[in-house]
Amino acid sequence: MTKVLTHSVTRPLALFAAALCLSLPLAVPFATPAAAQDGPLRIEITEGVIEPLPFAAPVFEAETSGSAELAAQITQVVADDLTGTGLFRAIPQEAHIARVTSFASPVQYADWKAINAQALITGAVAVTGDRVNVKFRLYDVFSGAEMGDGLQFSGTTAGWRRMAHKVADAVYSRITGEGPYFDSRVVHVAETGPKNDRRKRLAIMDYDGANVQYLTDSSSIVLAPRFSPTGDRVLYTSYETGFPKIYVLDVASVNRRTLNTPEGTMSFAPRFAPNGQTIVYSLTQGGNTDIFSMDIASGASTRLTSAPSIETAPSFSPDGSRIVFESDRSGSQQLYIMPVGGGEPTRISFGQGRYGTPVWSPRGDLIAFTKQSKGRFHIGVMRTDGSEERLLTASFLDEGPTWAPNGRVIMFTRETQGAAGEAALYSVDISGRNLKRVRTEGAASDPSWSPLQ
Amino acid sequence: MKHLTRAMLIVSALALAACSQNERFDNDVALGGAGANGAIVPGSANDPTSPLYFQSAVGDRVLFAVDQHTLSDAARLTLNAQAQWLMANPDYTAVIEGHADEQGTREYNLALGGRRANAAREYLITQGVSPARLRTVTYGKERPIEICSVESCYAKNRRAVTVLAAGAIS
Numbered sequence: 001m002t003k004v005l006t007h008s009v010t011r012p013l014a015l016f017a018a019a020l021c022l023s024l025p026l027a028v029p030f031a032t033p034a035a036a037q038d039g040p041l042r043i044e045i046t047e048g049v050i051e052p053l054p055f056a057a058p059v060f061e062a063e064t065s066g067s068a069e070l071a072a073q074i075t076q077v078v079a080d081d082l083t084g085t086g087l088f089r090a091i092p093q094e095a096h097i098a099r100v101t102s103f104a105s106p107v108q109y110a111d112w113k114a115i116n117a118q119a120l121i122t123g124a125v126a127v128t129g130d131r132v133n134v135k136f137r138l139y140d141v142f143s144g145a146e147m148g149d150g151l152q153f154s155g156t157t158a159g160w161r162r163m164a165h166k167v168a169d170a171v172y173s174r175i176t177g178e179g180p181y182f183d184s185r186v187v188h189v190a191e192t193g194p195k196n197d198r199r200k201r202l203a204i205m206d207y208d209g210a211n212v213q214y215l216t217d218s219s220s221i222v223l224a225p226r227f228s229p230t231g232d233r234v235l236y237t238s239y240e241t242g243f244p245k246i247y248v249l250d251v252a253s254v255n256r257r258t259l260n261t262p263e264g265t266m267s268f269a270p271r272f273a274p275n276g277q278t279i280v281y282s283l284t285q286g287g288n289t290d291i292f293s294m295d296i297a298s299g300a301s302t303r304l305t306s307a308p309s310i311e312t313a314p315s316f317s318p319d320g321s322r323i324v325f326e327s328d329r330s331g332s333q334q335l336y337i338m339p340v341g342g343g344e345p346t347r348i349s350f351g352q353g354r355y356g357t358p359v360w361s362p363r364g365d366l367i368a369f370t371k372q373s374k375g376r377f378h379i380g381v382m383r384t385d386g387s388e389e390r391l392l393t394a395s396f397l398d399e400g401p402t403w404a405p406n407g408r409v410i411m412f413t414r415e416t417q418g419a420a421g422e423a424a425l426y427s428v429d430i431s432g433r434n435l436k437r438v439r440t441e442g443a444a445s446d447p448s449w450s451p452l453q
Numbered sequence: 001m002k003h004l005t006r007a008m009l010i011v012s013a014l015a016l017a018a019c020s021q022n023e024r025f026d027n028d029v030a031l032g033g034a035g036a037n038g039a040i041v042p043g044s045a046n047d048p049t050s051p052l053y054f055q056s057a058v059g060d061r062v063l064f065a066v067d068q069h070t071l072s073d074a075a076r077l078t079l080n081a082q083a084q085w086l087m088a089n090p091d092y093t094a095v096i097e098g099h100a101d102e103q104g105t106r107e108y109n110l111a112l113g114g115r116r117a118n119a120a121r122e123y124l125i126t127q128g129v130s131p132a133r134l135r136t137v138t139y140g141k142e143r144p145i146e147i148c149s150v151e152s153c154y155a156k157n158r159r160a161v162t163v164l165a166a167g168a169i170s
């Protein structure tokens with residue numbers, strides 16, 4: 001029951017497929033014995049569009065008195081996580097024929113087949129003091145077998161949503177073969193006030209908008225927070241001194257400090273290296289903006305570009321060996337890749353329009369970007385050599401993509417036009433499917449997705 | 001000729017002043033500024049040594065074309081007048097704010113605002129203002145003064161604004 005499964009993804013995914021596809025049953029060969037135990041239930045990412053996979057998640061059993069409400073809430077969050085991907089569809093509990101009275105009792109597959117549930121998720125919740133323990137099992141209804149082993153997670157009752165996200169992550173990963181991402185957070189800028197007097201403060205929340213916490217007040221403009229590779233710190237730009245400067249904030253203590261940059265300069269667009277010790281950022285001096293790196297501990301900076309053009313928005317490759325950035329050295333904003341220590345960059349974007357804010361996928365295979373073309377803004381992805389460009393969105397103003405920890409979903413800022421224009425967070429699959437607004441308390445911009453917690 | 005240029009400047013500056021904002025100096029002295037006996041009220045827009053006069057009569061801002069930071073002829077005229085005023089009023093320093101319209105990504109617009117502020121600063125220096133009195137800051141697209149999403153608003157947001165402060169640069 002407490003065995004922790006690891007899930008190996010051994011097949012390259014067809015990332016540039018026209019859409020996500022669900023093909024069941026499908027016997028996919030796995031390389032690892034653990035994975036080979038999995039049944040044929042599987043959402044395969046390939047071409048074509050098929051209906052979301054129907055699943056049943058009867059309310060988790062309350063194993064202790066007083067845990068019924070929490071059990072219902074956890075079941076709901078599990079279902080919301082899965083349906084929120086657009087890959088799954090929950091069969092309403094009212095339609096269920098079978099009643100799961102005990103987590104331990106055998107599954108009546110015929111009753112679940114009858115309502116065409118392809119996957120069945122059962123669970124049990126026990127509360128002891130301020131601790132909650134959540135168990136779950138996943139069944140492949142049509143092959144009449146459990147899919148993977150049961151798992152259990154425990155934590156504080158206050159952190160119950162994380163338990164639910166972990167259950168949903170396990171289900172999602174087993175069925176899609178993709179890495180998990182529900183148990184993650186998003187740091188962003190919360191916005192209030194009219195367009196000509198916008199108030200901004202840093203906020204952090206769960207990936208689904210729950211558990212919002214504000215990290216700064218709105219006395220100074222704050223911009224573009226970026227998570228550290230372990231999610232313990234956030235880099236951001238603040239006008240606290242009257243001039244844009246980079247700060248690093250400890251998420252647990254909310255303590256912040258400014259990073260050392262020369263007097264009379266402006267610094268912004270910081271991002272962590274995968275080692276968590278080095279950052280890259282833009283520095284404007286004498287009207288010219290170039291890219292520098294800095295060792296956070298010593299504060300020592302190294303110049304990486306030296307050109308009269310604008311060089312900004314740097315982002316590391318996940319192996320830390322290269323940096324993708326934008327430059328207008330060709331006459332318009334385009335994307336370039338250079339070695340981590342600087343040196344001759346290689347241009348990778350060649351399409352019509354302007355390309356900015358490149359962000360390397362945590363998988364290493366893709367670069368997400370903002371594209372401006374013919375008065376519209378798009379979020380897109382391309383391979384790291386610039387090939388296979390795909391635009392995922394289009395609007396008056398989309399910008400600033402950030403990757404889910406599994407490299408399958410992108411979150412970004414969408415701002416509406418006009419005097420009442422307002423920013424909101426949206427997410428979209430890298431297939432371009434499942435575009436949706438992310439729940440926030442008010443207007444929001446500049447999301448940065450944390451690693452898996 | 002010099003007087004004519006000056007007069008034109010004041011006219012155009014007054015037109016611009018209609019949309020200017022007092023960002024550092026509160027407008028606690030009534031515009032118009034003439035006392036009951038017709039004398040100039042110190043600190044008013046009629047007082048040629050006042051920041052209000054700088055904002056309204058000299059013109060505190062210059063505008064830029066889309067994605068550009070080169071100074072137009074009109075911008076140079078405004079900056080000429082700014083330089084004269086700054087040299088005549090040596091107690092003031094200035095922070096030049098560079099701004100962009102909303103049609104661009106956040107980081108690029110910060111860099112572009114930096115270019116615009118610097119273009120104004122460099123020009124003021126060529127006209128004799130001490131570099132030690134002039135600092136720049138970019139706001140990118142963070143502080144539009146006009147909020148519609150059409151070119152008439154964008155044109156006013158693509159600006160470099162010379163904001164006066166009393167005393168030395170910190």
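From first to last, the protein sequence lines are chains C and Y.
Going by UniProt numbering, the residue at position 255 of the first sequence is 255; the numbering climbs one at a time, nothing skipped.
Going by UniProt numbering, the residue at position 126 of the second sequence is 126; the numbering climbs one at a time, nothing skipped.
Every residue, glycine too, gets a C-beta built ideally from N, C-alpha and C.
The structure presented is a predicted model; accordingly, all values stated were derived computationally and were not measured.
A straight-line Cα-Cα distance of about 29 angstroms links G242(C) and P42(Y).
I147(Y) belongs to the set of residues whose beta carbon lies under 8 angstroms from a beta carbon in chain C. Between G407(C) and P362(C), the gap from beta carbon to beta carbon is short of 8 angstroms. Assignment of P447(C) by DSSP, reduced to helix, strand and coil, places it in the strand class. In the structure shown, the three-state DSSP call for Y239(C) is coil. Between the C-alpha atoms of A166(Y) and I296(C) there is a straight-line separation of about 36 angstroms. With respect to the 8 angstroms criterion, V78(C) and A168(C) are classified as neighbours on the basis of their beta carbons. Each of S173(C), V141(C), K166(C) and H188(C) was checked against the Cα of V438(C), and the nearest Cα belongs to H188(C).
Interface annotation for the region 384-406 of chain C against chain Y: F396, L397, E399 and G400, criterion Cβ-Cβ distance under 9 angstroms. Counting along the chain, Y181(C) sits inside no alpha helix (DSSP H), nor does DSSP assign it H or E at all.
Residue nearest to E102(Y) within the set L425(C), V234(C), S450(C) and A419(C) is A419(C) (criterion: CA-CA distance).
Taken in chain order, the complete alpha helix (DSSP H) segments of 4 residues or longer contained in the UniProt domain "OmpA-like" (51-168) of chain Y are 73-88, 106-126 and 151-157. Linking A145(C) to R174(C) through their CA atoms gives a straight-line distance of about 14 angstroms.
Residue burial annotation: V132(C) is buried, with at least 16 other C-beta atoms found within 10 angstroms of its C-beta.
One finds nothing in chain Y with a Cβ atom closer than 7 angstroms to the Cβ of E191(C); even the nearest lies about 11 angstroms away. Secondary-structure assignment with DSSP links V186(C) through a beta bridge to M205(C) and W449(C). In this model, E94(C) and D149(C) are separated by some 27 angstroms (Cα to Cα). Approximately 4 angstroms separates the beta-carbon atoms of T136(Y) and A117(Y); this is inside 8 angstroms, confirming the contact.
Between E97(Y) and A160(Y), the CB-CB gap stays under 8 angstroms. Beta-bridge partners of P54(C) (DSSP): R89(C). Not a single CB atom of chain Y sits nearer than 8 angstroms to the CB of K374(C). Residue-level contact by beta carbon holds for R135(Y) and chain C, with a gap shorter than 8 angstroms. Membership of E326(C) in the beta strand (DSSP E) is indicated by the continuous run R322 to S327.
Within the same chain, and ignoring the five residues on either side of K436(C) in sequence, the residues whose Cβ sits closer than 7 angstroms to its Cβ are Y426 and S427. P244(C) and N196(C) have their C-alpha atoms some 18 angstroms from each other. For M147(C), the secondary structure class from DSSP, reduced to helix, strand or coil, is coil. Only exposed fits K374(C), as fewer than 16 other CB atoms lie within 10 angstroms of its CB. Using beta-carbon distances, L110(Y) counts as an interface residue toward chain C, with a partner under 8 angstroms. Under DSSP, H378(C) shares a beta bridge with K371(C). A distance below 6 angstroms between beta-carbons, with the five flanking residues on each side excluded, links Y139(C) to the following residues of its chain, in chain order: V107, L120 and E146. Annotation: the region 117-145 of chain C contains the following complete segments of the beta strand (DSSP E) (minimum length 3 residues), in chain order: 119-128 and 131-140.
By the Cβ-count criterion, R303(C) is exposed, with fewer than 16 other Cβ atoms from all chains shown falling within 10 Å of its own Cβ. Counting only residues of its own chain and dropping the five nearest sequence neighbours on each side, D183(C) has a CB closer than 7 angstroms to the CB of R162, H165, K166, D169, L452 and Q453. Between E191(C) and R198(C), the CB-CB gap stays under 8 angstroms. Less than 8 angstroms separates the beta-carbon of V251(C) from that of G231(C). Per DSSP, reduced to three states, the secondary structure at G286(C) is coil, with no helix or strand assignment.
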